[in-house]
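Scroll down for the structure; my scribbles are underneath it.
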Amino acid sequence: MEVQATHITGTDLDPEAAFQRRLTAVASAVEERIAALLDDAPRRGETARPARLIAAMRHAMLGGGKRLRPFLVIETAALFDVPFAHALNAACALELVHGYSLVHDDLPSMDDDDLRRGRPTVHREFDEATAILAGDALLTLAFDVAADETSHADPAVRVALVQGLARAAGVGGMVGGQIIDLAAEGRYGDVLLDEARVRRLQAMKTGALFAYAIDAGATIGRASLTERQALGTYGRALGAAFQIADDLLDLESSTEALGKRAAKDSEKGKATLVAVLGPDRARRERDTLVETAIGALSSFGAKADTLRAAARFTALRKF
Numbered sequence: 213m214e215v216q217a218t219h220i221t222g223t224d225l226d227p228e229a230a231f232q233r234r235l236t237a238v239a240s241a242v243e244e245r246i247a248a249l250l251d252d253a254p255r256r257g258e259t260a261r262p263a264r265l266i267a268a269m270r271h272a273m274l275g276g277g278k279r280l281r282p283f284l285v286i287e288t289a290a291l292f293d294v295p296f297a298h299a300l301n302a303a304c305a306l307e308l309v310h311g312y313s314l315v316h317d318d319l320p321s322m323d324d325d326d327l328r329r330g331r332p333t334v335h336r337e338f339d340e341a342t343a344i345l346a347g348d349a350l351l352t353l354a355f356d357v358a359a360d361e362t363s364h365a366d367p368a369v370r371v372a373l374v375q376g377l378a379r380a381a382g383v384g385g386m387v388g389g390q391i392i393d394l395a396a397e398g399r400y401g402d403v404l405l406d407e408a409r410v411r412r413l414q415a416m417k418t419g420a421l422f423a424y425a426i427d428a429g430a431t432i433g434r435a436s437l438t439e440r441q442a443l444g445t446y447g448r449a450l451g452a453a454f455q456i457a458d459d460l461l462d463l464e465s466s467t468e469a470l471g472k473r474a475a476k477d478s479e480k481g482k483a484t485l486v487a488v489l490g491p492d493r494a495r496r497e498r499d500t501l502v503e504t505a506i507g508a509l510s511s512f513g514a515k516a517d518t519l520r521a522a523a524r525f526t527a528l529r530k531f
């Protein structure tokens, strides 16, 4: 998909306004690209696309979401003058993984949620088996998209994108974090997570995909080692700040504002830094992480203003 540069530059605006404009433009482009990926026509190597499965996948992926993770892929790649369209496929691959994780998180055997983005969750709109299969299909589609030659002309870059996504999403990343999170609820016997273990849990369950978003953009842009190290600091701090902000919203916001059930973490006794530190200390920690993320971008100058605004958005968001 072609996206006009004027839709995402916002050079006549302050960084916060430019960020909002860019985020909206990226969300629209990601929505359109994912809709095209989830059409009914089978691709080469596919026999057929069952209508019910495609409908469930579309329900999960279309019609809402901030699209912050794909935004971070595209904006990081832009630091290295990678055109928007050239980073879009890798960005959508990451969003498909995020979408699958939400479908599975909402299942009765996981968080048992009925509402996501103000609509019924996939297992409520369809059924549990369909939701499981839709999540499976979204996950496998993500690697199809990342491996496609339209993601990058260099096969070595595509391999790096696929491997990085697998590690961020898998046993040592998001999925591993999820089972630690379930254990913290007491499902497998009493488990007491101290602050250090909660930080590790959150770095895996939430932070890994944020860190990957930044690293994927750097990979596409062929960043130097020094640049990747600075961006790695930004990505890790941003992911940690996002999770604290999310936990604070769960505690303080409403179901109507969030588009999903509020106060569910405290109800389930989930291990969060808000629970460990208390809300006031957690807010200070969130703000410190945002400043760490912003400081990590110092060597990139004004080109990184939108990424700086993304860090501030993470702390101040209300949904």
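In the working numbering, the protein residues as written are 213 to 531.
Using N, Cα and C, we set each Cβ at its ideal position, and we do this for glycine too.
From residue i to residue j, what distance separates their C-alpha atoms?
i	j	result
residue 280	residue 258	30 Å
residue 319	residue 325	7 Å
residue 335	residue 460	27 Å
residue 358	residue 376	10 Å
residue 217	residue 296	At residue 217 the pLDDT is 37, less than 50, meaning the model places this residue with poor confidence; the figure from the coordinates comes in the next sentence. If I take the Cα positions, the gap works out to 8 Å.
residue 321	residue 512	44 Å
residue 355	residue 368	15 Å
residue 413	residue 385	9 Å
residue 464	residue 508	30 Å
residue 224	residue 483	For residue 224, the predicted structure reports a pLDDT of 49, less than 50, and the residue's modelled location is therefore unreliable. A value from the coordinates is still provided. Straight-line Cα distance between these residues: approximately 43 Å.
residue 443	residue 292	12 Å
residue 380	residue 282	14 Å
residue 331	residue 396	28 Å
residue 493	residue 499	10 Å
residue 423	residue 275	25 Å
residue 343	residue 270	11 Å
residue 264	residue 490	44 Å
residue 440	residue 339	43 Å
residue 268	residue 510	43 Å
residue 438	residue 445	11 Å
residue 239	residue 447	20 Å
residue 365	residue 407	43 Å
residue 329	residue 311	12 Å
residue 495	residue 505	15 Å
residue 243	residue 272	12 Å
Quick one: measure Cβ to Cβ for residue i and residue j, integer angstroms, because I've assumed they're closer than 8 Å.
i	j	result
residue 233	residue 300	At roughly 17 Å, the Cβ-Cβ gap does not stay under 8 Å, so residue 233 and residue 300 are not in contact.
residue 501	residue 449	5 Å
residue 287	residue 522	7 Å
residue 390	residue 418	Rounded, the Cβ-Cβ distance is 10 Å, inconsistent with contact.
residue 266	residue 250	6 Å
residue 533	residue 284	Shown here, the chain extends from 213 to 531; a query on residue 533 therefore has no answer.
Over the uninterrupted alpha helix (DSSP H) stretch that includes residue i, give me the two end residues.
i	result
residue 445	437-464
residue 364	That residue, residue 364, is in no alpha helix (DSSP H); it is neither H nor E in DSSP.
residue 427	420-432
residue 389	386-396
residue 273	263-273
residue 408	407-414
residue 337	334-337
residue 486	485-489
On the DSSP bridge list, what partners appear for residue i?
i	result
residue 353	DSSP lists no partner for residue 353.
residue 327	332
residue 399	401
8 Å is my cut-off, CB to CB: does residue i come that close to chain C?
i	result
residue 418	No chain C is present in this structure, which holds just one protein chain.
(message) Just to confirm the assignment: which complete alpha helix (DSSP H) runs, minimum length 4, are found wholly within the segment 502-529?
(response) Correct list: 517-528.
(request) For the segment 284-315, list the beta strand (DSSP E) runs that are entirely contained and at least 3 residues long, ordered along the chain. (result) Counting whole runs of 3 or more residues, the segment 284-315 contains no beta strand (DSSP E) stretch at all.
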